[in-house]
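Structure first, commentary second.
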Amino acid sequence: MDKKLSAHMAKALIKRAGGIPAACAAIEAETGEGIAAGTLSKVQNGHLDISFLCVLALTKATGDRSFVNLLNRECEDATGAEEILAHHLEMLRESTEMVEAVARAEQKPSRETIQRARKEAADVHEQSGRAIAAYDAMLNELNAGVASIRRSIAGDVQ
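The numbering of the sequence shown is my numbering, which starts it at 5 and goes up by one.
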């Protein structure tokens with residue numbers, strides 16, 4: 005991704021969050037870890053790349069998916085493995101939700117917290133299964149290509 009475009013998208017996302025102080029608060033609330041205002045200033049000016057976790061936190065805080073959608077398109081254009089690679093951010097989000105739900109269930113076990121933890125774990129399990137199937141298909145394609153090259157080298161294919 006072009007650094008200027010990334011900086012522009014990050015700057016717009018930070019602005020939609022309410023500015024640097026509000027963006028710092030949103031990131032800390034979502035991730036549990038603080039971020040310095042100077043760090044976000046560097047991101048806005050293109051001197052530092054924004055992390056995926058920060059993008060996710062600000063996307064969740066603002067509801068603006070434009071940066072995430074751009075990242076998805078970039079992955080699709082760059083890899084050809086669109087279905088799995090373009091959804092790594094969604095997988096990260098689901099995994100984070102699962103960890104939070106499990107922590108709540110461990111901290112205060114109740115029917116609601118346990119059911120929520122189970123639901124989030126099931127969502128991650130389903131996504132992981134799709135990811136494994138997609139990776140298996142990608143490996144099969146690579147293996148087929150290697151076998152074809154070997155046959156060509158051996159003179160079996162013209």
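For glycine and all other residues, C-beta sits at the position ideal for the given N, C-alpha and C.
Quick caveat, the model's predicted, so the values are computed rather than measured.
Nearest neighbour of residue i, chosen from the options [CA to CA]
| i | options | result |
| --- | --- | --- |
| THR100 | ASP68, ALA138, ARG69, PHE56 | PHE56 |
| ALA65 | GLN48, ALA33, LEU75 | ALA33 |
| GLN48 | HIS12, TYR139, ARG108 | HIS12 |
| LEU52 | ASN144, GLU78, SER114, ALA14 | ALA14 |
| THR63 | THR35, ARG134, ALA40 | THR35 |
Proximal residues to residue i (C-beta, below 6 Å), its chain only, five neighbours per side dropped
| i | result |
| --- | --- |
| ARG120 | ALA105 |
| LYS7 | GLY50 |
| ARG20 | THR66, ASP68 |
| GLY38 | GLU32 |
Local Cβ density within 10 Å of residue i, reported as buried at 16 or more and exposed below that
| i | result |
| --- | --- |
| LEU124 | Looking at the sequence itself, residue 124 is Glu, so the reference to Leu does not match. When all chains shown are included, GLU124 counts as buried. |
| GLU98 | buried |
| ALA137 | exposed |
| SER10 | buried |
| ALA148 | exposed |
| LEU146 | exposed |
| ALA40 | exposed |
| ALA109 | buried |
Chain-order list of residues whose beta-carbon lies under 8 Å from that of residue i (same chain, five-residue window excluded)
| i | result |
| --- | --- |
| LEU93 | PHE56, VAL59, LEU60, VAL72, LEU75, ASN76 |
| MET102 | ALA121, GLU124, ALA125, ASP127, VAL128 |
Same chain only: Cβ atoms within 7 Å of residue i, ignoring 5 sequence neighbours per side
| i | result |
| --- | --- |
| ALA44 | A small fix is needed here, since residue 44 is Leu in this sequence, not Ala. Cβ neighbours of LEU44 beyond the five flanking positions: ILE18, ILE24, ALA27, CYS28. |
| GLN131 | MET95, GLU98 |
| ALA30 | ALA21, ALA61, LEU62, ALA65 |
| LEU143 | none |
Near the ligand MG: residue i beta-carbon under 7 Å from a heavy atom
| i | result |
| --- | --- |
| GLY133 | As presented, the structure is devoid of all ligands, the ligand MG included, so that no description of it is given. |
4-residue-minimum alpha helix (DSSP H) runs that sit fully inside the segment 57-126, ordered along the chain: 70-83, 86-89, 92-111
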